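Everything below concerns the one structure shown next.
Residue numbers (the numbering used here): 1 to 245.
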């Protein structure tokens, strides 16, 4: 029981462990920084294909269920290997513009889209979540998993997400697993990712209070915090959802 409890305590840390590694190196430069970017992008892709592979289809379904958006334009922030965006494409009629600041991640996401036969609806591009390369009112849906805890200027991310949304569009930003999973499935993923290779995955925590403070700073007052918990009380997802009026 003690071991199980310790594992449970790691869940809230793992919630935000992927695909954030690309943004960790935002200010890296030179050969060493370039090599860090390449390695982190490759590691992210490997974990998304293996340990975290079940997460993205389940999360895609949760996002569609919660937002009601299943067609139009989606922008994914901090796309990493493209796992979430590609999972959304498989169950919707969306077109996804996947943004990442790591050029190696963008290349991997493009390769994965081609392998999945979805490249005609999936457009990976180099870009910064603090200054998105889209016009106002561009997207029906903005999504991001795992990036936001690693960004200092969270309010700017929220402002940019709101700016690029169309009227009636929805943003779904945060981190975690999916309520489609039972607790044992999540615990299995946690054990594999945290205990299997200690220290290999970057981790950050963010709480409801910080979300609320940053949303207020962004001038977004109409929002919903989505926090799902198991009967044990363990959180397995924390997201903010807001709609542009």
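Heads up, the beta-carbon is just placed ideally off N, CA and C, and yes, glycines get one too. Nothing here was measured: the structure is a model prediction, and the numbers come from that model.
*Could you give the residue range of the beta strand (DSSP E) that holds residue 144?*
139-145
_Exposure of residue 145, with buried meaning 16 or more beta-carbon neighbours within 10 Å_ = buried
_Using C-beta distances below 8 Å, list every residue in its chain close to residue 227, excluding the 5 sequence neighbours before and after it, in chain order._
208, 235, 237, 238 and 239
*For the beta strand (DSSP E) that residue 100 lies in, which residues bound it at each end?*
93-100
*Apart from the five residues on each side of it in sequence, which residues of its chain come closer than 8 Å, Cβ to Cβ, to residue 52?*
18, 83, 189 and 193
*Residues in its own chain within less than 8 Å of residue 6 by CB, not counting five upstream and five downstream?*
Low confidence applies to residue 6: its pLDDT is 37, below 50, so where it sits in the model is not reliable, and the reading given next is rough at best. Closer than 8 Å at Cβ, skipping near neighbours: no residue.
*asked:* Which complete beta strand (DSSP E) runs does the region 54-97 hold, if anything under 3 residues is left out?
replied: Whole beta strand (DSSP E) segments, 3+ residues: 71-77.
*How would you call residue 244, buried or exposed, if buried means at least 16 neighbouring beta carbons within 10 angstroms?*
buried
*Going by beta carbon distance, what residues of the same chain come within less than 6 Å of residue 206, once the five residues before and after it are set aside?*
149
*asked:* For the region 55-63 against the region 109-127, do three or more pairs of beta-carbon atoms, one drawn from each stretch, fall closer than 8 Å, so that the two count as touching?
replied: No: fewer than three Cβ pairs fall under 8 Å.
_So, for residue 70: in the same chain, excluding its five sequence neighbours on each side, which residues have a beta-carbon less than 8 Å away from its beta-carbon?_
Within the same chain, residue 70 has close Cβ partners 64, 91, 92, 93 and 94.
*Keeping to the same chain, check which residues put their C-beta closer than 7 Å to that of residue 46; ignore five residues upstream and five downstream.*
none
*Just to confirm, are residue 116 and residue 86 a CB contact at a threshold of 8 Å?*
Going by C-beta atoms, residue 116 is nearer than 8 Å to residue 86.
*May I have the straight-line CA-CA distance separating residue 81 from residue 164, to the nearest angstrom?*
Residue 164 has its alpha-carbon roughly 22 Å from the corresponding atom of residue 81.
*Do residue 132 and residue 99 have their CB atoms nearer than 8 Å?*
yes
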